[in-house]
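K.L.:
Please see the structure below; I have some questions.
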Amino acid sequence: MPTIKATTTRDIRKNFKQYADDVADYDDAVIVTRPDNKNVVMISEAEYNSWQETNYLLKTDANRKAIRESLSQLDDNNSKVLTPEDWAKMVSQHE
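The opening position of the sequence shown corresponds to residue 1 in the UniProt record's numbering, with each subsequent residue numbered one higher.
Structure (structure tokens):
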């Protein structure tokens, strides 16, 4: 399970490889505390990319509305499972 750790700049310098391995291997996040509350957070590239994708998908009102409607349809069991063949047929009809 991912954890959040906090450490100092001194400790991160001394143990960077271990912190980097924990972040990459276990999806840990590390908060590096700095003077004047100028803290930074270290996360894996995969986690960063996931956040970027989520931000992109939620960027517009239209996307947010479509996602909400899709989730509502799933909650209401108002969905249909398509086979790859069904999907290809549907796509070809709209081209």
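C-beta atoms are modelled at their ideal positions from N, C-alpha and C, and glycine is treated no differently.
(1) Inspect the CB distances between the region 41 to 59 and the region 14 to 33 and report whether three or more fall short of 8 Å.
(2) Considering just the uninterrupted stretch of the beta strand (DSSP E) at Lys5, what are its terminal residues?
(3) Could you have a look at Val81 and say whether DSSP puts it in helix, strand or coil?
(4) First and last residue of the beta strand (DSSP E) that includes Ile31?
(5) Could you check which residue in Ile12, Phe16, Trp51 and Ile4 has the C-alpha nearest to that of Ala29?
(6) List the DSSP bridge partners of Val40.
(7) Express the C-alpha separation of Pro2 and Lys89 in angstroms, rounding to a whole number.
P.N.:
Let me spell this out:
(1) Three or more beta-carbon pairs separated by less than 8 Å link the region 41 to 59 to the region 14 to 33, which places the two stretches in contact.
(2) Taking the sequence shown and counting its residues from 1, one reaches residue 5 at position 5. Lys5 -> beta strand (DSSP E) spans Ile4 to Thr8.
(3) Counting from one through the sequence shown, the residue named residue 81 turns up at place 81. Note: Val81 maps to coil in three-state DSSP.
(4) Position 31 of the sequence shown, counted from the start, is the residue given in the question as residue 31. Ala29 to Thr33 is the extent of the beta strand (DSSP E) around Ile31.
(5) As a first step, residue 29 must be located in the sequence shown, where it is residue number 29. It is Ile4.
(6) By one-based count along the sequence shown, residue 40 stands at place 40. Note: Val40 sits in a beta bridge opposite Val32.
(7) Numbered from its first residue, the sequence shown carries residue 89 at position 89. Numbered from its first residue, the sequence shown carries residue 2 at position 2. Cα to Cα, the separation comes out at about 42 Å.
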